[in-house]
Amino acid sequence: MTLNQDNIVAVATATGYAGIGVVRISGHNLLEIVTQISHKNNLKPRLASYTDFYNIDNEVIDSGLIIYFSAPYSFTGEDVIELQGHGSPIVLQMILKRCLELGCRIAQPGEFSRRAYLNGKIDLVQAESIVDLIHAESEMAARGALKSLKGTFSKHIDTINQQLINLRMFVEATLDFPEEDIEFIVEAKIQDKLRLLQTSIGGLLANTKQGVLLNNGANIVIVGRPNVGKSSLLNALANEEVAIVTAVAGTTRDIVKEKIIINGVVFNLIDTAGIRDTEDIVEKIGIERALHAVQNAELCLVLIDDSIGITPEDELILAKIPTELPRLFVHNKIDITNSNPRIDSNYGVSNIYISAKQQLGLGLLRDEILKLVGFDNSCNNVFIARTRHLEAMKQAVSHIDNAFANWHQLELIAEELRYAHNNLTDITGEFTSDDLLGEIFSKFCIGK
Ligand code: GDP
15 MTLNQDNIVA
25 VATATGYAGI
35 GVVRISGHNL
45 LEIVTQISHK
55 NNLKPRLASY
65 TDFYNIDNEV
75 IDSGLIIYFS
85 APYSFTGEDV
95 IELQGHGSPI
105 VLQMILKRCL
115 ELGCRIAQPG
125 EFSRRAYLNG
135 KIDLVQAESI
145 VDLIHAESEM
155 AARGALKSLK
165 GTFSKHIDTI
175 NQQLINLRMF
185 VEATLDFPEE
195 DIEFIVEAKI
205 QDKLRLLQTS
215 IGGLLANTKQ
225 GVLLNNGANI
235 VIVGRPNVGK
245 SSLLNALANE
255 EVAIVTAVAG
265 TTRDIVKEKI
275 IINGVVFNLI
285 DTAGIRDTED
295 IVEKIGIERA
305 LHAVQNAELC
315 LVLIDDSIGI
325 TPEDELILAK
335 IPTELPRLFV
345 HNKIDITNSN
355 PRIDSNYGVS
365 NIYISAKQQL
375 GLGLLRDEIL
385 KLVGFDNSCN
395 NVFIARTRHL
405 EAMKQAVSHI
415 DNAFANWHQL
425 ELIAEELRYA
435 HNNLTDITGE
445 FTSDDLLGEI
455 FSKFCIGK
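Final position of the sequence shown in the numbering used here is 462; the numbers increase by one with none missing.
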């Protein structure tokens, strides 16, 4: 990919009214722009200076701080200027306009980060983690994003890549200079090295799964007959009122979404319309939506009124849930049946006993939810990751598995290892195609 040489500018802070707002410029030979806009010509790099900002007629349009970063010691690796003015959309637009008059053009979404990546300041995983940090929905997600930004995830990938490169060199050297009599020793060695590689990448894959979950969250659908306490449970887990709780059956006609955070993982809880056979057109639409939500969920909570037990109506609802969707049977209203909060797991099916109204057993429920979506509760060292990374890593794993399965065929091993290596370099972006880069950076905001 060729590096665009234009000077680019954007308001880097959120639009709206605020104490301060930052305009950022990246490009080449920006000192001339500094002089024009601030009338200063002796700025020291990386030191903030208080200044007035001037328009084309040398009138003061704002005052604030200016910081000059000289290439390559900046975020993008180019010259960068930060103009910190007052956070008024009008003032920031005036500063922006002045920068455009001075030859800058408006930056495209993610163009600053893209330049940082192309100039080798950060890799692709780090660039993506900037966006993930900005959009983090929990403290743990923010911490995980920062870890990836600081290079934790990339370092793990580099370590495995190094292992892969060494093994590839070994296999290819053996292919080039076969020595018949020591072949079995070589094969045993390759097998050992492949096994080690499988272990390392398997560990990283597990951590990456946690990272993706932390980043994307998970969808939970709550299904159950009208009046079993779905809305009450949603409210209890969310700790605030989101759905109207009513004793009249069939009044929750639409899907209600609420976010709850359990151990840093964001869950979208979808309270479905009471799924039941009905002639009411409005209710039917709600039921269709509910069934659609079920298709896209990671977990289904099947709510049962413990004072009534499982009814034929519950059985009908259960028949509509895809068999592959993990489910948890939540027996609600144990305050009426006078039972204790508890969890029974039999034959891979979990039954949990709670009271949404009396807030009994909610801790147990939260832990079980985390477990069922695959989040390791003891893991507090999670770096953030994306589905893209996970998919690439799964492919790498399958190529390494293929190599292992064919450990006596050196040509095949060499080929599979080459594929696995490509998968991993795709993650950090060593040889990533322009198309993929375009797709990734276009999802950034302007100014990032
Ligand atoms: P939904 O139709 O499944 O969403 O059920 P709601 O959440 O609207 O609850 C129906 C009725 O059951 C309401 O009167 C709730 O107060 C009541 N309810 C919900 N959870 C409990 C519980 O744990 N114990 C008792 N005693 N009543 C509950």
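C-beta atoms are modelled at their ideal positions from N, C-alpha and C, and glycine is treated no differently.
Handout entry: For Gly35, three-class secondary structure by DSSP
Key = Taking the first residue of the sequence shown as 1, we reach residue 35 at position 21. In the structure shown, Gly35 sits in a strand (DSSP, three-state: E or B).
Practice task
In angstroms with no decimal places, state the Cα-to-Cα distance between Gly452 and Asp172.
Solution key: Indexing the sequence shown from 1 puts residue 452 at position 438. Indexing the sequence shown from 1 puts residue 172 at position 158. Those two C-alpha atoms are separated by around 24 Å.
Practice task
Could you check if Cys113 is buried or exposed, using at least 16 other CB atoms within 10 Å of its CB as the buried criterion?
Solution key: Here residue 113 is taken as the residue at index 99 of the sequence shown, counted from 1. That one is buried.
Problem - Rounded C-alpha distance that separates Thr27 from Ile236 - result: Position 13 of the sequence shown, counted from the first residue, corresponds to residue 27. Position 222 of the sequence shown, counted from the first residue, corresponds to residue 236. The alpha-carbon atoms of Thr27 and Ile236 are separated by roughly 38 Å.
Exercise for the section: Taking only beta-carbon positions, decide if Gln372 is within less than 7 Å of chain C. Expected result: Reference to chain C is not applicable here, since this structure consists of a single protein chain.
Practice task
Starting from the C-beta of Glu186, find all residues in its chain whose C-beta is less than 8 Å away, skip the five residues before and the five after it, and write them out in chain order.
Solution key: Walking along the sequence shown from the start, residue 186 turns up at place 172. Excluding sequence neighbours, Glu186 sits near Ala428.
Practice task
Excluding the 5 residues preceding and the 5 following Asp66 in the sequence, name in chain order all residues of the same chain whose CB lies nearer than 6 Å to its CB.
Solution key: Along the sequence shown, read from residue 1 onward, the residue named residue 66 stands at position 52. Answer for Asp66: Val74 and Ser77, listed in chain order.
Handout entry: Ala417 burial status per 10 Å Cβ neighbour count (16 or more: buried)
Key = Counted from its first residue, the sequence shown places residue 417 at position 403. Its Cβ being crowded by 16 or more others within 10 Å, Ala417 is buried.
Practice task
State the beta-bridge partners of Tyr82 as determined by DSSP.
Solution key: Your numbering for residue 82 matches position 68 in the sequence shown. Ile95, per the DSSP bridge assignment.
Exercise for the section: Classify Glu46 as helix, strand or coil using the three-state DSSP reduction. Expected result: Numbered from its first residue, the sequence shown carries residue 46 at position 32. Helix.
Exercise for the section: Please indicate yes or no: does the CB of Lys273 lie closer than 6 Å to some heavy atom of ligand 1? Expected result: Working through the sequence shown from its first residue, we reach residue 273 at position 259. Lys273 Cβ: outside cutoff for every heavy atom of ligand 1.
Problem - Contacting residues, own chain, Cβ-Cβ under 6 Å from Thr90 (five flanking each side not counted) - result: The residue given as residue 90 occupies position 76 in the sequence shown. Here the set comprises Ser40, Phe126, Arg129 and Ala130.
Handout entry: Length-filtered (4 minimum) alpha helix (DSSP H) runs lying within the stretch 293-340
Key = 295-309 and 326-333
Practice task
May I ask you to list the residues that DSSP assigns as paired with Val466?
Solution key: Because residue 466 is not part of the residues shown, which for the chain are 15 to 462, the question remains open.
Exercise for the section: Using only the heavy atoms of ligand 1, determine whether one of them is closer than 6 Å to the beta carbon of Asp328. Expected result: Along the sequence shown, read from residue 1 onward, the residue named residue 328 stands at position 314. No; taking the cut-off as 6 Å, the Cβ of Asp328 has no heavy atom of ligand 1 nearer than that.
Practice task
Please indicate yes or no: does the CB of Val242 lie closer than 6 Å to some heavy atom of ligand 1?
Solution key: One-based indexing of the sequence shown puts residue 242 at position 228. Yes, the beta carbon of Val242 sits closer than 6 Å to at least one heavy atom of ligand 1.
Exercise for the section: Tell me whether the beta-carbon of His345 lies closer than 7 Å to the beta-carbon of Tyr367. Expected result: Against the sequence shown, residue 345 aligns to sequence position 331. Against the sequence shown, residue 367 aligns to sequence position 353. It is a contact, given that the beta carbons lie within the stated cut-off.
Practice task
Report yes if the C-beta of Asp294 is less than 6 Å from at least one heavy atom of ligand 1; otherwise report no.
Solution key: Taking the sequence shown and counting its residues from 1, one reaches residue 294 at position 280. No.
Practice task
Go ahead and label Thr213 buried or exposed: buried means 16 or more other beta carbons lie within 10 angstroms of its beta carbon, across all protein chains shown.
Solution key: Start at 1 with the first residue of the sequence shown, and residue 213 comes out as number 199. Label assigned to Thr213: exposed.
Problem - Distance CB(Phe343)-CB(Lys161) smaller than 7 Å - result: Numbered from its first residue, the sequence shown carries residue 343 at position 329. Numbered from its first residue, the sequence shown carries residue 161 at position 147. Cβ distance not < 7 Å, so Phe343 and Lys161 don't count as in contact.
Problem - Burial state of Asn43, where buried means 16 or more other Cβ atoms lie within 10 Å - result: Translated into the one-based positions of the sequence shown, residue 43 becomes position 29. Answer is exposed; the Cβ neighbour count stays below 16.
Problem - Ile75 - DSSP class collapsed to helix/strand/coil - result: Counting from one through the sequence shown, the residue named residue 75 turns up at place 61. Three-state result, Ile75: strand.
Exercise for the section: Would you check if the distance between the CB atom of Ser168 and the CB atom of Val200 is smaller than 7 Å? Expected result: On the sequence shown, residue 168 is found 154 positions in, with the first residue counted as 1. On the sequence shown, residue 200 is found 186 positions in, with the first residue counted as 1. In this structure, Val200 does not lie closer than 7 Å to Ser168 by Cβ.
Problem - Backbone CA spacing between Asp320 and Gly375 [nearest angstrom] - result: Within the sequence shown, the letter at position 306 stands for residue 320. Within the sequence shown, the letter at position 361 stands for residue 375. Computed Cα separation, rounded: 14 Å.
Exercise for the section: For Pro59, I'd like the list of residues in its chain whose CB is within less than 8 Å of its CB, leaving aside the five on either flank, ordered along the chain. Expected result: The residue you call residue 59 lines up with position 45 of the sequence shown. Correct list, in chain order: Tyr82, Phe83, Ser84 and Tyr87.
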